[in-house]
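> Below: one structure in structure tokens.
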Amino acid sequence: MTSGEVRVRLFAGLREEAGWQERSLVHQNGMTATAVWTLLNLGGTTPPATVRVAINHEFAALNTPLANGDEVAFLPPISGG
Amino acid sequence: MDVELLAAPFNPLASLAAWQAGLRNGPAAIAAAEAHFIGRVRPVASDGAPLEALEIEHYPGMSERRIAAISQTLAHQHGVAAVLVRHRVGRIKPGEPIVVVAVAADRRGPALRCCQELLETLKHEAPFWKREWVNGCGQWVAGNTPL
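Written out as structure tokens, the structure reads:
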């Protein structure tokens, strides 16, 4: 990934619904996970309440501003253990 | 904290034995209590159909980091000496081990409480996703089984 981009990752059911697992977007000032969700046409203007967001491997709020080079992931309901 | 994700079948008793051998040579050697939990894949799917396999997808990098952070936090909160976590990823057959959690502490209370809380927390706070395979068809599992 080059500087000035944001990497987007999807997992499990979200990945299969979208038909892709990873994309890169040009970073824009003030860009948030919600904006990424909308830009990539992942369904509606905001992720469903059951979907969690991680930025650089840490859970984050939907409205956290993204920086150049960030990795944002949309995580469907977790079922581990 | 001794945390590892495994892509192949493993022997939970061998994992525990290796962990215990390591404890004897470290600061946790004085721990007199241990709590162990071994979870295995059920032979039936959520709808009761015979299960062919359980597949576990995870978020590489984040899952290890989350388990280590959860283990560290809970070990501190409960005042325990050592924690072991082994968690399978990939395709797992019914009856095979999926998770091992072990806690060493000075007394049974902290060991048992930390073991249970750690297991429950990683079920909800570490990025794993289960898919049940029945007759060649996969179905993502929404949420966790009851306690």
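Quick mapping for you: the protein sequence lines, in order, are chains A and B.
Going by the working numbering, the first sequence opens with residue 375, and the numbers climb by one from there.
Going by the working numbering, the second sequence opens with residue 40, and the numbers climb by one from there.
Beta carbons are placed, not taken as given, at the ideal position from N, Cα and C, and that holds for glycine.
Using a Cβ-Cβ distance under 7 angstroms, would A417(A) count as near chain B?
Within the first sequence, numbered from 1, the residue matching residue 417(A) stands at position 43. According to the sequence provided, residue 417(A) is Gly. The question's Ala does not apply to it. False, the Cβ-Cβ gap to chain B never drops below 7 angstroms.
> Are N162(B) and L93(B) close, meaning C-beta to C-beta below 7 angstroms?
Counted from its first residue, the second sequence places residue 162(B) at position 123. Counted from its first residue, the second sequence places residue 93(B) at position 54. Note on identity: in this sequence residue 162(B) is Lys, with Asn being the wrong assignment. No, these two residues do not count as a Cβ contact at 7 angstroms.
> Report all residues from its chain with a CB closer than 7 angstroms to the CB of A150(B); omit the five preceding and five following residues, and keep chain order.
Walking along the second sequence from the start, residue 150(B) turns up at place 111. The residues are A72, E73, A74, V119, V142, A143 and A144.
> Based on the DSSP secondary-structure assignment, which residues constitute the bridge partners of F433(A)?
If you number the first sequence from 1, residue 433(A) lands on position 59. Looking at the DSSP assignment, F433(A) forms a beta bridge with A428(A).
> Between E396(A) and N437(A), what straight-line distance do the alpha-carbon atoms span, to the nearest angstrom?
On the first sequence, position 22 is the one that residue 396(A) refers to. On the first sequence, position 63 is the one that residue 437(A) refers to. Looking at the two C-alpha atoms, the distance is approximately 21 angstroms.
> Give every residue of the same chain whose Cβ lies closer than 6 angstroms to the Cβ of K132(B), excluding the five residues on either side of it in the sequence, and list them in chain order.
By one-based count along the second sequence, residue 132(B) stands at place 93. Around K132(B): A92.
> Quick one: give me the first and last residue of the beta strand (DSSP E) that R381(A) is part of.
If you number the first sequence from 1, residue 381(A) lands on position 7. Looking at the DSSP string, the run of the beta strand (DSSP E) that includes R381(A) is E379 to L384.
> With a threshold of 7 angstroms on Cβ separation, who are the neighbours of T406(A) within its own chain once the five nearest residues in sequence on each side are excluded?
Along the first sequence, read from residue 1 onward, the residue named residue 406(A) stands at position 32. L436, N437, T438, P439 and L440.
> Taking a contact to mean a Cβ-Cβ separation below 7 angstroms, would you say V139(B) touches P51(B) in this structure?
Sequence index remark: in the second sequence, residue 139(B) carries index 100 (1-based). Sequence index remark: in the second sequence, residue 51(B) carries index 12 (1-based). Against a cut-off of 7 angstroms, the Cβ pair of P51(B) and V139(B) comes out as a contact.
> Check distances from the C-beta atoms of the segment 114–143 of chain B to those of chain A and list, in chain order, the residues that come in under 9 angstroms.
Within the segment 114–143 of chain B, the residues whose Cβ lies closer than 9 angstroms to some Cβ of chain A are H126, I137, V138 and V140, listed in chain order.
> Assuming Q116(B) is part of the beta strand (DSSP E), what are its boundary residues?
Your numbering for residue 116(B) matches position 77 in the second sequence. Counting along the chain, Q116(B) falls outside any beta strand (DSSP E), though it belongs to the alpha helix (DSSP H) covering M101 to H117.
> Find the residues of chain A that neighbour G175(B), judging by a C-beta separation of less than 7 angstroms, and give them in chain order.
For the purposes of this step, residue 175(B) is taken as residue 136 along the second sequence, with counting starting at 1. Ordered by position in chain A, no residue passes the 7 angstroms Cβ test against G175(B), which lies about 16 angstroms from the chain.
> For R104(B), return the contacting residues in chain A, with the cut-off set at a CB-CB distance below 7 angstroms.
The residue labelled residue 104(B) in the question sits at position 65 within the second sequence. Correct list: H431.
> Can you check DSSP and say which residues form a bridge with S398(A)?
As a position in the first sequence, residue 398(A) is number 24, starting the count at 1. In the DSSP output, where bridge partners are listed per residue, S398(A) has R381(A).
> In the DSSP assignment, find the beta strand (DSSP E) that holds G177(B) and state where it starts and stops.
One-based indexing of the second sequence puts residue 177(B) at position 138. Counting along the chain, the beta strand (DSSP E) containing G177(B) begins and ends at C176 to W179.
> Could you pull the start and end residues of the alpha helix (DSSP H) that V410(A) belongs to?
The count along the first sequence starts at 1 and reaches residue 410(A) at position 36. Here the alpha helix (DSSP H) through V410(A) covers A407 to L413.
> Quick one: what does DSSP say P89(B) is sitting in, helix, strand or coil?
Reading the second sequence from its first residue, position 50 is the one you call residue 89(B). Strand, per DSSP.
> Does R170(B) come out as helix, strand or coil in the three-state DSSP assignment?
Within the second sequence, numbered from 1, the residue matching residue 170(B) stands at position 131. Here R170(B) sits in strand by DSSP.
> Just to confirm my understanding: we take L45(B), look at its own chain, exclude 5 residues before and 5 after, and list those with CB closer than 8 angstroms. What are they?
The residue labelled residue 45(B) in the question sits at position 6 within the second sequence. Closer than 8 angstroms at the Cβ level, and outside the excluded window around L45(B), lie R125, H126, R127 and V128.
> Looking at A181(B) and P451(A), is the spacing between their C-beta atoms short of 7 angstroms?
As a first step, residue 451(A) is located in the first sequence; it is residue number 77 there, counting from the start. As a first step, residue 181(B) is located in the second sequence; it is residue number 142 there, counting from the start. Closer than 7 angstroms, so yes.
> Going by the CB atoms, is the gap between D41(B) and L157(B) shorter than 7 angstroms?
Position 118 of the second sequence holds residue 157(B). Position 2 of the second sequence holds residue 41(B). Contact: no.
> Would you mind telling me which residues of chain B sit closer than 7 angstroms to A447(A), beta carbon to beta carbon, in chain order?
Taking the first sequence and counting its residues from 1, the one referred to as residue 447(A) is at position 73. Near A447(A) (Cβ distances below 7 angstroms), the residues of chain B are Y98.
> Taking E156(B) as part of the alpha helix (DSSP H), name the residues at either end of that continuous run.
Reading the second sequence from its first residue, position 117 is the one you call residue 156(B). E156(B) -> alpha helix (DSSP H) spans R147 to E164.
> Let me check one thing: in DSSP terms, what residues is G129(B) bridge-paired to?
In the second sequence, the residue the question calls residue 129(B) occupies position 90. According to DSSP, G129(B) bridges with I95(B).
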